[in-house]
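Remarks on the structure that follows.
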Amino acid sequence: MATVIGSRHVPPHTVLQYVDEHTDKVNEERTPKEIFVINPAGALYYNWLFVIAIAVMYNWTMIIARASFEEFQQEYLYTWFITDFTCDIIYLADMAFRTRTGFLEQGLMVKDKKRLRDRYLQSFQFKLDALSMIPTDILYLFLGFNYPEIRLNKLLRVSRMLEFFIRTETRTQYTNLFRICNLVMYIVIFIHWNACMYYSFSKALGFGSDTWVYPDISDPEYGNLVRRYAYSLYWSTLTLTTIGETPPPVLDSEFFFVVVDFLVGVLIFATIVGNVGSMISNMNAARTEFQTKVDCIKQYMHVRKVSKDLEDRVIKWFDYLWTNQKAADERRVLRHLPGKLKAEIGIKVHLDTLKKVRIFQECEAGLLIELVLKLQPQVFSPGDYICKKGDIGREMYIIKAGKLAVVADDGVKEFVVLSDGAYFGEISILGIKGSKAGNRRTANIRSVGYSDLYCLSKDDLMEALTEYPEAKVLLEEKGRQILLKDGLIDLDPANLMPDTKDLEAKVNRMHGSLELTRMKLSRLVDCFGATGLDLRKRISYMERMTGEVVEDEGVVEEKEGKEGEGKKEEERKEEKKVEEEKELGREEEGKGEEMKKEEGKEEEKEEGKKEDGKGEEMKKEEGKEEEKEEGKKEDGKGEEMKKEEGKEEEKEEGKKEDGKGEEK
Numbered sequence: 001m002a003t004v005i006g007s008r009h010v011p012p013h014t015v016l017q018y019v020d021e022h023t024d025k026v027n028e029e030r031t032p033k034e035i036f037v038i039n040p041a042g043a044l045y046y047n048w049l050f051v052i053a054i055a056v057m058y059n060w061t062m063i064i065a066r067a068s069f070e071e072f073q074q075e076y077l078y079t080w081f082i083t084d085f086t087c088d089i090i091y092l093a094d095m096a097f098r099t100r101t102g103f104l105e106q107g108l109m110v111k112d113k114k115r116l117r118d119r120y121l122q123s124f125q126f127k128l129d130a131l132s133m134i135p136t137d138i139l140y141l142f143l144g145f146n147y148p149e150i151r152l153n154k155l156l157r158v159s160r161m162l163e164f165f166i167r168t169e170t171r172t173q174y175t176n177l178f179r180i181c182n183l184v185m186y187i188v189i190f191i192h193w194n195a196c197m198y199y200s201f202s203k204a205l206g207f208g209s210d211t212w213v214y215p216d217i218s219d220p221e222y223g224n225l226v227r228r229y230a231y232s233l234y235w236s237t238l239t240l241t242t243i244g245e246t247p248p249p250v251l252d253s254e255f256f257f258v259v260v261d262f263l264v265g266v267l268i269f270a271t272i273v274g275n276v277g278s279m280i281s282n283m284n285a286a287r288t289e290f291q292t293k294v295d296c297i298k299q300y301m302h303v304r305k306v307s308k309d310l311e312d313r314v315i316k317w318f319d320y321l322w323t324n325q326k327a328a329d330e331r332r333v334l335r336h337l338p339g340k341l342k343a344e345i346g347i348k349v350h351l352d353t354l355k356k357v358r359i360f361q362e363c364e365a366g367l368l369i370e371l372v373l374k375l376q377p378q379v380f381s382p383g384d385y386i387c388k389k390g391d392i393g394r395e396m397y398i399i400k401a402g403k404l405a406v407v408a409d410d411g412v413k414e415f416v417v418l419s420d421g422a423y424f425g426e427i428s429i430l431g432i433k434g435s436k437a438g439n440r441r442t443a444n445i446r447s448v449g450y451s452d453l454y455c456l457s458k459d460d461l462m463e464a465l466t467e468y469p470e471a472k473v474l475l476e477e478k479g480r481q482i483l484l485k486d487g488l489i490d491l492d493p494a495n496l497m498p499d500t501k502d503l504e505a506k507v508n509r510m511h512g513s514l515e516l517t518r519m520k521l522s523r524l525v526d527c528f529g530a531t532g533l534d535l536r537k538r539i540s541y542m543e544r545m546t547g548e549v550v551e552d553e554g555v556v557e558e559k560e561g562k563e564g565e566g567k568k569e570e571e572r573k574e575e576k577k578v579e580e581e582k583e584l585g586r587e588e589e590g591k592g593e594e595m596k597k598e599e600g601k602e603e604e605k606e607e608g609k610k611e612d613g614k615g616e617e618m619k620k621e622e623g624k625e626e627e628k629e630e631g632k633k634e635d636g637k638g639e640e641m642k643k644e645e646g647k648e649e650e651k652e653e654g655k656k657e658d659g660k661g662e663e664k
């Protein structure tokens, strides 16, 4: 069946194709278009911050200087115009740059053009940027070119310069040095501004009018531009640092100016000095902590009368750690990182080294990552024994840097020298059954010089293998093959059997598990019995409540039936007969239950007597007391049951009498 579109007849499949294409176009129009977005954490953003920071720094230093020293403005007028125009272009480009700067939302970079633009336009920074772009240079046409202070609105972009300093501090490896340089820069800028203000204030009061203001510029000694700025900078430095030794003020306005300068100088420089002290302390924090450890070791060796030779070896070992920057504990340094980042760092640093070990070459990546995080660096001094023949092997070692010698028992003869990348002790930490050496070391290994090793303990390996049982079987099989190849394994089946202690430990664990399961089952049975008893009580209570409600409704119906017709009275009589039969049945059931309870009590008494006859005298007395208490409870329950039955019988008799009255 064809469809008409416009004046044409179109087949059905063409209609569907047309609808799909139209839907795709609508979806494309509704979907926000992604544009090129600048990542705030990328290199492009940082480089642009450097460019805009230079422009901001130029305005913060040169505008006030050109406004204070007129000759400085007049002699380089064309240079200032070109530089100002370039800075204005950079400012304008920065606004466009901000509209393309992305931001994170739920961990994802937003790339919607409209959202990026709206976010910037609605921010407070946009208002400051707009004020800084007001073309105040037009006022040059009315005021002349000697008033560069009309460009003071350009100083509002200072946030970009501060952002550049913050990002540089996080990127540089010399953080403390950069902080000190940054602080010195702030001090110089502040002194520069104060010097320019002093010169402008002196110009307003009149050069050489008294001893406090700047001397008369007609004097050749003080007329040079460089001398003017140098003198003002010198005065500003002495005043702000509260050193003094400057001419005393004469006029009241001069006194106020100096007082304000002193107050600002005290506040600002006190803050600066505090920051400098804090930075210096941070620079020496690691050294101080390390030196504290060394002092504690020295004190201990002095108290314990350690030999001078051993004390020198310990001190040299500490010196080697500090000189080669090995004093930091890797686990302590990396503890603030999340697990994934910590694993990635460990993979980059240790994974290639760990893969060189024969038994780990075919292991799955998850196990290797677990082991990488458990490797611990250790440093040995010249002549230190890493292990001796016959020692229990609890660790395996991988050589990162240095040389180790396998020596004879006399310590003189060297069999072989191990270098970077070598490893040993990997078989002993597996505890393979049938090994002739057991878990004992089979050689003496001594450090030739200072050696950096990575250590993997047996406990850490077994902890990692608990999550990888298949890898454990694979490692043990590889270890057996290596021992078999070297002829270091005993093939006697008796020696290959599991250790008796291991079997006893497994049996004990199984027994403990069974006991725990039995206790849980007994608790579940007790809970089930208590719950069943509670449910039975609730059901009986609900039955009683339901019976009373039904009886009340019957009484109401009887009262209403008295006013009815004769046919309704006959129907009520039949219903009453049926109810009486039900009540008689309930009474019989109640009597049957009482009989069953009495029979149960008699059986319990007989069983109690038999048990009392078999038990001791103390058990008889306890049984009698318990039976008395149970009898009292049962008597109380029986009395309650009798009371309830009496109430029910009274109600039934009342109903019968009412029925007889109605029949009469």
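Going by the UniProt record's numbering, the letters in the sequence shown line up with residues 1 to 664, in that order. Built from N, CA and C at the ideal position, the CB exists for glycine as well.
- Runs of alpha helix (DSSP H) with 4 or more residues, each lying fully within the stretch 326-412, are found at 330-334, 339-346, 352-355, 365-372, listed in chain order.
- Annotation: S202 to V110 spans about 55 Å, alpha carbon to alpha carbon.
- A Cβ-Cβ separation of about 5 Å places Y468 in contact with L367 under the 8 Å criterion.
- Note on geometry: alpha-carbon atoms of M462 and K537 lie some 55 Å from one another.
- Around L238, the same chain offers G244, E245, T246 as residues with beta carbons nearer than 7 Å, after the five sequence neighbours per side are excluded.
- The continuous beta strand (DSSP E) containing E414 extends over residues 414-418.
- The alpha-carbon separation between Y231 and Y222 amounts to approximately 9 Å.
- Boundaries cannot be given for R151, as no alpha helix (DSSP H) includes it and DSSP labels it neither H nor E.
- Residues I369, V372, L373 of the same chain have their beta carbon placed closer than 8 Å to that of A343, with the five preceding and five following residues left out of the count.
- Taking the Cα positions, R157 is about 59 Å away from L465.
- In the structure shown, E467 adopts coil according to DSSP, grouped into three states.
- Taking 8 Å as the cut-off, the Cβ atoms of M396 and I347 do not count as close.
- In the same chain as A65, and ignoring 5 residues on each side of it, the C-beta atoms closer than 8 Å to its own belong to F72, H192, C196, Y229, in chain order.
- Contact check for R441 against K389 passes: the beta carbons are separated by less than 8 Å.
- Three or more beta-carbon pairs drawn from the stretch 469-479 and the stretch 350-360 are found closer than 8 Å, and the two stretches are therefore classed as touching.
- By the neighbour-count criterion, in which 16 or more other beta carbons inside 10 Å mark a residue as buried, L354 falls on the buried side.
- One thing to note: I150 has its Cβ no nearer than 8 Å to the Cβ of L141.
- For Y78, the enclosing alpha helix (DSSP H) starts and ends at 77-99.
- In the structure shown, the three-state DSSP call for S513 is helix.
- Restricting attention to M95, V226, R98, L116, the CA atom closest to the CA of E105 is found in L116.
- Beta-carbon to beta-carbon, I189 and T61 are separated by about 7 Å, close enough to satisfy the 8 Å threshold.
- Just so you know, the alpha carbons of L152 and S200 end up roughly 16 Å apart.
- Annotated three-state conformation of M133 is coil, per DSSP.
- With 16 or more other Cβ atoms inside 10 Å of its own Cβ, D261 counts as buried.
- V473 counts as exposed, since fewer than 16 other beta carbons sit within 10 angstroms of its beta carbon.
- Just so you know, the alpha carbons of G42 and I166 end up roughly 15 Å apart.
- If the five residues before and after L49 are omitted, its C-beta is found closer than 7 Å to the C-beta atoms of R160, E163, F164, R167, all from its own chain and listed in chain order.
- Out of E169, D459, C527, K403, the CA that lies nearest to the CA of D384 is found in K403.
- Under the criterion of beta carbons closer than 8 Å, N275 and L183 qualify as touching, at roughly 6 Å.
- As DSSP reads the structure, E105 sits in a beta bridge with L108.
- Residue environment for H302: exposed (fewer than 16 other C-beta atoms within 10 angstroms of its C-beta).
- Contact between D452 and V379 holds: CB atoms are separated by about 6 Å, below the 8 Å threshold.
- Separation of Y198 and C181 (C-alpha to C-alpha, rounded to the nearest whole angstrom) is 26 Å.
- Looking at the DSSP output, F424 bridges to Y397.
- Looking at Y541, A96, R98, F145, the one whose alpha-carbon comes closest to that of E75 is F145.
- Per DSSP, reduced to three states, the secondary structure at S447 is strand.
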